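For reference, the structure is listed below as structure tokens.
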Amino acid sequence: MTDQLLIENHVDGILYLTLNNPDKRNSLSNVLLTKLKDCFDDIQDDPAVRVVVLRSEGPAFSSGHDLNELINQDVESYSTLFSACTSVMEAIRLSPKPVIAEIQGLATAAGCQLVATCDLAIAWEIRVIRHTWCPDRTVLYHPRGSCFTGSSD
Numbered sequence: 000m001t002d003q004l005l006i007e008n009h010v011d012g013i014l015y016l017t018l019n020n021p022d023k024r025n026s027l028s029n030v031l032l033t034k035l036k037d038c039f040d041d042i043q044d045d046p047a048v049r050v051v052v053l054r055s056e057g058p059a060f061s062s063g064h065d066l067n068e069l070i071n072q073d074v075e076s077y078s079t080l081f082s083a084c085t086s087v088m089e090a091i092r093l094s095p096k097p098v099i100a101e102i103q104g105l106a107t108a109a110g111c112q113l114v115a116t117c118d119l120a121i122a123w124e125i126r127v128i129r130h131t132w133c134p135d136r137t138v139l140y141h142p143r144g145s146c147f148t149g150s151s152d
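So for the sequence shown, numbering that gives the first Met the number 0 puts the first residue at 0; every next one is plus one.
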């Protein structure tokens, strides 16, 4: 099993966090959520980190939760997973460091939520980002900063 989160510090104060499970479309597994939360906890008071760039390997930014972790689970397991996800989103939202999502590929469900939680999202090409609570709406992000929201028809 590969390391699901690559952490790369740069001398210029940029911390790169790379989602690294491309075979599973960088799904937000319990392991990955724990690593992300630990990382954001560690950098809060680190003066060497001035900005965080969240990016990914492979064809998708993130497909959301790992559905294999949601199959045949009890209520406590669901609660643990969704609490971990909420903790990560809150850690990003409350971070004193700016967090930038560098999007390449699809971002859906909780992956879309991860992008939306960041302070800024940058896509190098036009990307479609869709959230499950609004499946008939599509959000298109263009690299020049424009955004279009419309029906998927």
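Virtual Cβ for every residue (Gly too), placed ideally from N, Cα, C. Keep in mind that this is a model prediction, so the values were computed, not measured.
Neighbourhood of residue i by C-beta, 8 Å cutoff - its chain only, sequence neighbours within 5 removed
| i | result |
| --- | --- |
| A90 | L35, K36, F39 and D40 |
| P21 | S55, E56, G57, P58 and A59 |
Per DSSP, the bridge partner or partners of residue i
| i | result |
| --- | --- |
| L5 | T17 |
| R92 | BP columns for R92 are empty, so no partner. |
| S61 | A106 |
| R54 | T17 |
| L27 | H64 |
Endpoints, beta strand (DSSP E) assigned at residue i
| i | result |
| --- | --- |
| E101 | V98 to I102 |
| I121 | L119 to A122 |
Residue i burial status per 10 Å Cβ neighbour count (16 or more: buried)
| i | result |
| --- | --- |
| Q3 | buried |
| G110 | buried |
| T85 | exposed |
| D65 | buried |
| V74 | exposed |
| S82 | exposed |
| N25 | buried |
| L93 | exposed |
| D152 | Low per-residue confidence applies at D152: pLDDT is 44, beneath 50, and the placement is therefore not dependable, though the value from the model is reported in the following sentence. D152 should be labelled exposed. |
| A47 | exposed |
| Q72 | exposed |
| I102 | buried |
Assumed close pair residue i, residue j - CB separation to whole angstroms, cut-off 8 Å
| i | j | result |
| --- | --- | --- |
| A108 | V114 | With 8 Å as the limit, A108 and V114 do not qualify as a contact, their Cβ atoms being about 11 Å apart. |
| K96 | I42 | 6 Å |
| S61 | A106 | 6 Å |
| V98 | V51 | 5 Å |
| N29 | E68 | 6 Å |
Own chain residues within Cβ distance below 6 Å of residue i, not counting five before or after
| i | result |
| --- | --- |
| L5 | T17 and N19 |
| A100 | L53, V114, C117 and A120 |
| R49 | G12 |
| Y15 | E7 and V52 |
Beta-carbon contacts of residue i that lie in its chain and below 7 Å, excluding the five residues immediately before and after
| i | result |
| --- | --- |
| L32 | A83, C84 and V87 |
| A59 | R24, N25, G104 and L105 |
| G63 | S26, L27, T107, A108, A109 and G110 |
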